[in-house]
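Structure, as structure tokens:
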Amino acid sequence: MKHIIIAITGASGGLYALRLLRALLTEGHHAHVIVSKFGRYVLHDETLLPSGGALRIQLTRLYGEDIMNGELTEYKIGDLAAPIASGSVIVDGMTVIPCSMKSLSAITHGTSSTLIERAADVTLKEARPLILVPRETPLNRIHLRNMLAVSEAGAHIVPAMPAFYQKPKTFDDIADFIAGRVLNLLGIEQKLFAPWRAEENESVEDEGRQNAR
Ligand SMILES: Cc1cc2nc3c(=O)[nH]c(=O)nc-3n(C[C@H](O)[C@H](O)[C@H](O)COP(=O)(O)O)c2cc1C
């Protein structure tokens, strides 16, 4: 069982976080979840997550009993005395998914004034994987500079840029692509989408060769 901190902030794309949580919990991992005020707002505004009750119950109502295979601990964003605010508590990594430009800025500058910012700061100082999934468009130079600076400090940037070569049929398929990429960087095998297949590559090459003939 891996211990992963999942921070959900107020950028569009809460579905990425829900799909990641579904995958982690179904596989029996322990998710330590922090949701910002606007993270909660956007999550409920954009997704079918039912409101009322603990997040674990909401997720079970959305995705079924398999959610119960894992553990979920929810923390208050202002709880700077939470265990995950200290580097002495061992976790396997953290992701901020989706990551607003405000949270990106705060993490980049080491502000540490909320539990999300502090846990990210701790994750970097302890040299554990920190995966940020920023979402904004278009990007200004402040956003771009912050991404470069936090990447130089050791974070992984996984922009919410889903690919379409998997031929997604649903929003869940699209979100699973990003969730799967995050799982890979956390060192957890992802089963959300099939990797690009060599046979398909070969058939595309064959087709290209035939067309060239
Ligand atoms: C509906 C809605 C969608 C938003 N989408 C984005 C977004 O995609 N990216 C972003 O950086 N901010 C977005 N914002 C603005 C952030 O929520 C806002 O900057 C907030 O202060 C972020 O705080 P947090 O990082 O603590 O959640 C959105 C706000 C709302 C109300």
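The numbering used here applies: residue 1027 is where the sequence shown begins, and numbers increase by one.
Don't be surprised by glycine CBs; every beta carbon is placed ideally from N, CA and C.
Given that a residue counts as buried once 16 or more other Cβ atoms are within 10 Å of its Cβ, and exposed if not, what is R1167? exposed
Bounding residues of the alpha helix (DSSP H) (the contiguous stretch that carries G1136): Per DSSP, G1136 belongs to no alpha helix (DSSP H) and is neither H nor E.
Let me know if R1239 comes out buried or exposed under the rule of 16 or more other beta-carbons within 10 Å of its beta-carbon. Confidence is the limiting factor: at R1239 the pLDDT is only 46, short of 50, which leaves the residue's position unreliable, though a coordinate-based value still follows. With fewer than 16 Cβ atoms within 10 Å of its Cβ, R1239 is classed as exposed.
Using three-state DSSP, classify P1194 as helix, strand or coil. It is coil, neither helix nor strand.
Where do the N-terminal and C-terminal ends of the alpha helix (DSSP H) with A1108 fall, by residue? That residue, A1108, is in no alpha helix (DSSP H); it is neither H nor E in DSSP.
Report the rounded CA-to-CA distance for I1204 versus M1094, giving the unit in angstroms. 23 Å
Buried or exposed by the 16-neighbour rule on C-beta atoms within 10 Å, applied to A1224: Only weak support is given to the placement of A1224: the predicted model assigns it a pLDDT of 49, under 50, and the question is left unresolved by the model.
Option in T1121, A1175 and F1197 with minimal Cα separation from R1154: T1121
Contact between the region 1061–1071 and the region 1030–1043 is defined here as three or more beta-carbon pairs at a separation below 8 Å; is this criterion met? With three or more CB-CB distances shorter than 8 Å, the region 1061–1071 counts as touching the region 1030–1043.
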